[in-house]
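Enquirer: What follows is a single structure, and I will ask about it in a moment.
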Ligand code: AMP
Ligand code: GLY
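Numbering (my numbering), first residue to last: 420 to 844.
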């Protein structure tokens with residue numbers, strides 16, 4: 420079966436790599452792909468927001484399954500357009516994708532389904548939002564309603580910061596129409612964990628817990644990024660709690676969507692804050708996380724294509740979804756300066772040598788093939804390793820990082836440290 424995978428990050432390289440291991444996989448096309456996906460299949464020059472172009476390509480290339488990596492095409496209705504064309508898609512409809520594309524929609528659904536989340540208020544009017552801030556006081560969190568490339572969430576420790584956030588989002592329209600509405604919510608205190616599940620619209624299968632490192636600097640300092648590294652499992656959410664957590668934060672959403680006549684097919688990702696008073700959902704994503712996907716794919720011990728197809732057929736309960744007991748850890752090698760301005764075009768060496776080490780796979784993100792692999796983005800590589808435990812996977816990943824080389828590279832040296840307090844407990 421021919422597959423069309425959408426996206427160009429480390430997540431997509433990991434998905435292409437895993438899909439390629441399926442005996443059922445035919446040609447794998449990646450639109451637009453990167454230097455790494457080019458080694459797993461054929462990159463096609465179609466951008467991830469080009470819904471028409473994607474559907475046309477799928478129709479004329481005998482595609483049996485489309486797998487959207489990022490949220491953007493899903494929020495633009497790619498799954499619906501593919502459904503009209505009779506092509507299976509592993510990803511939710513535009514209606515379901517609002518869970519990620521509209522924070523007010525997600526909060527409303529959480530309220531209706533009783534999913535634990537921070538208290539919130541929604542505003543269309545800047546003056547009303549400012550009055551609310553005066554009244555409530557800080558700390559609080561201001562969020563642009565729509566997609567904002569990960570920058571639409573502002574933690575406000577002072578009223579001045581909160582007022583400034585409202586001005587930037589609602590008055591100056593820093594994120595365009597994504598700021599037509601804002602959510603102002605209670606700040607939750609605790610540690611974050613990612614909890615993902617496959618869904619066929621009715622049945623779910625949970626993935627092991629994972630933990631991202633969003634801040635650019637060591638010790639979780641500095642600006643937020645797309646993610647500087649991740650590992651799985653995360654001791655913060657141990658395996659004996661997956662089922663309880665699924666009942667609390669995944670199943671209610673799947674049931675809600677089914678009842679609305681919009682069954683959720685694909686990956687539902689709950690970003691959780693583990694607080695003193697229990698878990699709270701910070702956000703839902705309607706796709707795999709990047710970089711959480713990289714360690715998860717290393718640990719997946721079943722056929723990913725079979726799982727995805729089963730999801731599109733409402734038959735997830737008929738397939739095995741098994742995971743290796745090992746820990747997997749991914750260290751993102753970024754270009755110095757990211758998430759602000761950064762240099763591009765650096766030549767990368769040592770990938771093959773790094774991959775000769777036990778348990779190591781180097782997933783590429785912002786790279787392209789240009790007589791060798793060169794950097795083309797902020798997050799360049801996701802050096803990922805399996806190990807018997809967190810310490811071993813961390814040691815292997817960093818040894819591999821030290822074999823790979825490109826000018827102006829930057830890594831956080833503490834990926835996984837947060838998880839060590841849970842080991843042997
Ligand atoms: P979101 O896109 O909603 O996940 O927000 C991005 C990041 O902002 C999260 O990963 C958290 O680190 C932080 N954040 C979002 N909402 C809250 C909240 N209510 N309390 C504390 N931190 C939050
Ligand atoms: N790693 C966080 C995300 O993919 O949203």
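Every residue gets a Cβ at the ideal spot worked out from N, C-alpha and C, and that includes glycine.
What is the DSSP secondary structure of residue 644, reduced to helix, strand or coil?
Expert: Looking at residue 644 - three-state DSSP - the assignment turns out to be coil, as it is neither helix nor strand.
Enquirer: What is the rounded straight-line gap between the Cα of residue 610 and the Cα of residue 505?
Expert: Rounded to whole angstroms, residue 610 to residue 505 spans 43 Å at the Cα level.
Enquirer: Within 7 Å: the Cβ of residue 537 and any heavy atom of the ligand AMP?
Expert: Result yes, Cβ under 7 Å from the ligand AMP.
Enquirer: Using a threshold of 7 Å, is the CB atom of residue 541 nearer than that to any non-hydrogen atom of the ligand AMP?
Expert: Every heavy atom of the ligand AMP is 7 Å or more from the Cβ of residue 541, so no.
Enquirer: So, with DSSP's three-state summary, where would you put residue 540?
Expert: Residue 540: strand per DSSP, three-state reduction.
Enquirer: Considering just the uninterrupted stretch of the alpha helix (DSSP H) at residue 712, what are its terminal residues?
Expert: 712-718 is the span of the alpha helix (DSSP H), which, as asked, contains residue 712.
Enquirer: Give me the residue from 753, 467, 608, 816 with the minimum Cα distance to residue 780.
Expert: Considering only alpha carbons, the answer is 816.
Enquirer: Going by DSSP in three states, residue 752 sits in which element: helix, strand or coil?
Expert: Strand.
Enquirer: Compare the beta carbon distance of residue 490 and residue 668 with 8 Å and say whether it is the shorter of the two.
Expert: No, the pair does not count as a contact, with Cβ atoms beyond the cut-off.
Enquirer: With H, G and I counted as helix, E and B as strand and the rest as coil, what does DSSP make of residue 619?
Expert: In the structure shown, residue 619 sits in a strand (DSSP, three-state: E or B).
Enquirer: Can you look up residue 421 in the DSSP assignment and give me helix, strand or coil?
Expert: Three-state DSSP puts residue 421 in a strand.
Enquirer: Can you check which of these residues, 732, 604, 841, is closest to residue 556 by C-alpha distance?
Expert: Of 732, 604, 841, the residue nearest in Cα terms is 604.
Enquirer: If you measure from each CB to the nearest heavy atom of the ligand GLY and keep those under 5 Å, what residues do you get, in chain order?
Expert: Output, sorted by chain position: 631, 646, 708, 709.
Enquirer: Straight-line CA distance for residue 498 to residue 488?
Expert: Those two C-alpha atoms are separated by around 12 Å.
Enquirer: Using a Cβ-based criterion (distance less than 7 Å to any ligand heavy atom), does residue 604 qualify as near the ligand AMP?
Expert: Yes, the Cβ of residue 604 comes within 7 Å of a heavy atom of the ligand AMP.
Enquirer: Quick check: does the Cβ of residue 690 come within less than 7 Å of any heavy atom belonging to the ligand AMP?
Expert: Yes; taking the cut-off as 7 Å, the Cβ of residue 690 has a heavy atom of the ligand AMP nearer than that.
Enquirer: Check whether the Cβ atoms of residue 747 and residue 804 sit closer than 8 Å, and answer yes or no.
Expert: Contact: yes.
Enquirer: State yes or no: is the C-beta of residue 472 within less than 8 Å of the C-beta of residue 650?
Expert: The answer is no: Cβ separation not under 8 Å.
Enquirer: Just how far apart, CA to CA, sit residue 846 and residue 462?
Expert: The structure shown has nothing for residue 846, since the chain only spans 420 to 844.
Enquirer: Helix, strand or coil for residue 633 per DSSP?
Expert: Coil, per DSSP.
Enquirer: Give me the Cα-Cα distance between residue 657 and residue 690, rounded to the nearest whole angstrom.
Expert: Going by the C-alpha atoms only, they are around 15 Å apart.
Enquirer: Go through its chain and collect everything with a Cβ distance to residue 466's Cβ below 7 Å, but skip five positions before and after it.
Expert: The answer, listed in chain order, is 451.
Enquirer: Quick one: is residue 642 buried, meaning 16 or more other Cβ sit within 10 Å of its Cβ, or exposed?
Expert: Exposed, since its Cβ has fewer than 16 Cβ neighbours within 10 Å.
Enquirer: So, for residue 797: in the same chain, excluding its five sequence neighbours on each side, which residues have a beta-carbon less than 7 Å away from its beta-carbon?
Expert: The residues are 753, 754, 757, 758, 761, 785.
Enquirer: Put residue 563 into one of helix, strand or coil per three-state DSSP.
Expert: Looking at residue 563 - three-state DSSP - the assignment turns out to be strand.
Enquirer: Quick one: grab the DSSP three-state call for residue 782.
Expert: If DSSP states are grouped into helix, strand and coil, residue 782 belongs with the strands.
Enquirer: Taking residue 523 as the reference, give the member of 492, 495, 565, 496 with the closest Cα.
Expert: Closest option to residue 523, Cα to Cα, is 565.
Enquirer: Just to confirm before moving on: does the CB-CB distance between residue 846 and residue 770 stay below 8 Å?
Expert: Only positions 420 to 844 of the chain appear in this structure, which leaves residue 846 out of reach.
Enquirer: Near residue 743, which residues of its chain fall below 6 Å by C-beta distance, leaving aside the five closest residues on each side in sequence?
Expert: Here the set comprises 718, 720.
Enquirer: Three or more C-beta pairs closer than 8 Å, one from the stretch 591-607 and one from the stretch 570-578: is that the case here?
Expert: The stretch 591-607 is in contact with the stretch 570-578.
Enquirer: For residue 431, count neighbouring Cβ atoms within 10 angstroms of its own Cβ and tell me buried if that reaches 16, exposed if not.
Expert: Classification of residue 431: buried, given that the 10 Å Cβ count is 16 or more.
Enquirer: Give the secondary structure of residue 626 by DSSP, where H, G and I count as helix, E and B as strand, and everything else as coil.
Expert: Residue state, collapsed to three classes: coil.
Enquirer: What residue range does the beta strand (DSSP E) around residue 661 cover?
Expert: From DSSP, residue 661 is part of no beta strand (DSSP E) but of the alpha helix (DSSP H) over 661-664.
Enquirer: Tell me, which residues are paired with residue 794 by DSSP?
Expert: According to DSSP, residue 794 bridges with 786.
Enquirer: Mind checking residue 766: buried by the 16 CB within 10 Å criterion, or exposed?
Expert: When all chains shown are included, residue 766 counts as exposed.
Enquirer: Should residue 751 be listed as close to the ligand AMP, given that the test is whether its C-beta is under 7 Å from any heavy atom?
Expert: For the ligand AMP, not one heavy atom lies less than 7 Å from the Cβ of residue 751.
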